[in-house]
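Trainee: For the sequence shown, full-length UniProt numbering gives the first residue as 1, with consecutive numbering after it.
All C-beta atoms, glycine included, are put in the ideal place defined by N, C-alpha and C.
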Amino acid sequence: MYGQNEDSDHDSESRSSDKEGDEENEDVVFLEANENVEEAREPEQERRTDQAGENRMQRDEAAPRRSERKWKPVSRPGYVAFLASEDHTSEPSTIEEAMAGTESQNWVKAMLEEIHSLRKNDTWDEVDRPPGVKPLAVKWVFKKKLTESGEIRYKARLVAKGCAQIKGRDYHEVFSPVIRHSQD
Numbered sequence: 001m002y003g004q005n006e007d008s009d010h011d012s013e014s015r016s017s018d019k020e021g022d023e024e025n026e027d028v029v030f031l032e033a034n035e036n037v038e039e040a041r042e043p044e045q046e047r048r049t050d051q052a053g054e055n056r057m058q059r060d061e062a063a064p065r066r067s068e069r070k071w072k073p074v075s076r077p078g079y080v081a082f083l084a085s086e087d088h089t090s091e092p093s094t095i096e097e098a099m100a101g102t103e104s105q106n107w108v109k110a111m112l113e114e115i116h117s118l119r120k121n122d123t124w125d126e127v128d129r130p131p132g133v134k135p136l137a138v139k140w141v142f143k144k145k146l147t148e149s150g151e152i153r154y155k156a157r158l159v160a161k162g163c164a165q166i167k168g169r170d171y172h173e174v175f176s177p178v179i180r181h182s183q184d
């Protein structure tokens, strides 16, 4: 027959003989009246010792083995070279540092460009300060950037210190003097 196993006839015969009860199970031990009871228990004791031996072997096999591979530290020369090339100390963190450094003329030019950009884009409206209200402080953030040609570009940003806002008074307003991009 197509798609049928050759052993399928044998399987069907063994199933039918199981149903009839003609075959004896090998694990069954019959106690005859004439035999000694201790002789019948012998195979059971042997089975127990075999199982105990198998359990010991499984425990021995399950024990983890130590790796024989020698440990060597990870080498990342490119990463170290990149970090060495980055000089974060050359960027001033305050306006005083920017004006005291040797690159002060470049930082002044970058600050003037930022102020010009803020005015050109109508970023803020000048209003009279209400009495008893302290305006939010601003901070200059200085960064050196590389252009596509590899030249250093000095960039200055004027940011509001929003962390000084007081809950309940203009707390949900956003104060950030940044450039807005108009969509023309």
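I'd like the list of long-range same chain contacts for S12, defined as Cβ closer than 8 Å, with 5 residues on each side in sequence excluded.
Mentor: Walking along the sequence shown from the start, residue 12 turns up at place 12. Below a pLDDT of 50, predicted positions are generally treated as unreliable, and S12, at 47, falls in that range; the measurement from the model is reported next regardless. None.
Trainee: Just how far apart, CA to CA, sit R180 and P73?
Mentor: One-based indexing of the sequence shown puts residue 180 at position 180. One-based indexing of the sequence shown puts residue 73 at position 73. Residue placement at R180 cannot be trusted, given a pLDDT of 47 that sits under 50; what the coordinates show is reported in the next sentence. Roughly 49 Å separates the two Cα atoms.
Trainee: May I ask you to list the residues that DSSP assigns as paired with I152?
Mentor: Along the sequence shown, one-based indexing puts residue 152 at 152. L146.
Trainee: Any heavy atom of the ligand ADP inside 7 Å of the beta-carbon of V28?
Mentor: The ligand content of the structure shown is nil, which means the ligand ADP is not present either.
Trainee: How is the alpha helix (DSSP H) around S104 delimited, first residue to last?
Mentor: Mapped onto the sequence shown, residue 104 falls at position 104. From DSSP, the alpha helix (DSSP H) with S104 extends over S104 to K120.
Trainee: For a cutoff of 8 Å on Cβ pairs, would you count R76 as touching chain C?
Mentor: Here there is only one protein chain, and chain C is not present.
Trainee: Below 8 Å between beta carbons: does that hold for F142 and A160?
Mentor: As a working mapping, residue 142 is identified with position 142 in the sequence shown. As a working mapping, residue 160 is identified with position 160 in the sequence shown. Against a cut-off of 8 Å, the Cβ pair of A160 and F142 comes out as no contact.
Trainee: Can you tell me which of the three DSSP states A137 falls into?
Mentor: Stepping through the sequence shown from its first residue, residue 137 is reached at position 137. It is coil, neither helix nor strand.
Trainee: Residues bridged to R157 by DSSP?
Mentor: Translated into the one-based positions of the sequence shown, residue 157 becomes position 157. According to DSSP, R157 bridges with V141.
Trainee: Does the beta-carbon of E114 have 16 or more other beta-carbons within 10 angstroms, so that it is buried, or is it exposed?
Mentor: Within the sequence shown, the letter at position 114 stands for residue 114. Here E114 is buried: its Cβ has 16 or more other Cβ atoms, across all protein chains shown, within 10 Å.
Trainee: How long is the line joining the alpha carbons of W124 and P131, rounded to whole angstroms?
Mentor: Reading the sequence shown from its first residue, position 124 is the one you call residue 124. Reading the sequence shown from its first residue, position 131 is the one you call residue 131. Rounded to the nearest angstrom, the two C-alpha atoms are 20 Å apart.
Trainee: Quick check: the Cα distance between V28 and R65, rounded to an integer number of angstroms?
Mentor: The residue you call residue 28 lines up with position 28 of the sequence shown. The residue you call residue 65 lines up with position 65 of the sequence shown. Their backbone Cα atoms lie some 41 Å apart in a straight line.
Trainee: Out of curiosity, what's the CA-to-CA distance linking T94 and E68?
Mentor: Here residue 94 refers to the residue found at position 94 when the sequence shown is read from its first residue. Here residue 68 refers to the residue found at position 68 when the sequence shown is read from its first residue. Between the alpha carbons of T94 and E68 lies a distance of about 55 Å.
Trainee: For M99, which residues in the same chain have their Cβ closer than 8 Å to its Cβ, ignoring the five residues on either side in sequence?
Mentor: In the sequence shown, counting from the first residue as 1, residue 99 sits at position 99. Only W107 and V108 meet the Cβ criterion.
Trainee: Where do the ends of the alpha helix (DSSP H) carrying A98 lie?
Mentor: Sequence index remark: in the sequence shown, residue 98 carries index 98 (1-based). First-last of the alpha helix (DSSP H) with A98: I95 to A100.
Trainee: Helix or strand or just coil, what does DSSP make of S75?
Mentor: Here the question's residue 75 lines up with position 75 in the sequence shown. The answer is coil: DSSP assigns S75 none of H, G, I, E or B.
Trainee: Are L158 and V138 close, meaning C-beta to C-beta below 8 Å?
Mentor: As a working note, residue 158 is residue 158 in the sequence shown. As a working note, residue 138 is residue 138 in the sequence shown. Yes, the Cβ-Cβ distance between L158 and V138 is below 8 Å.
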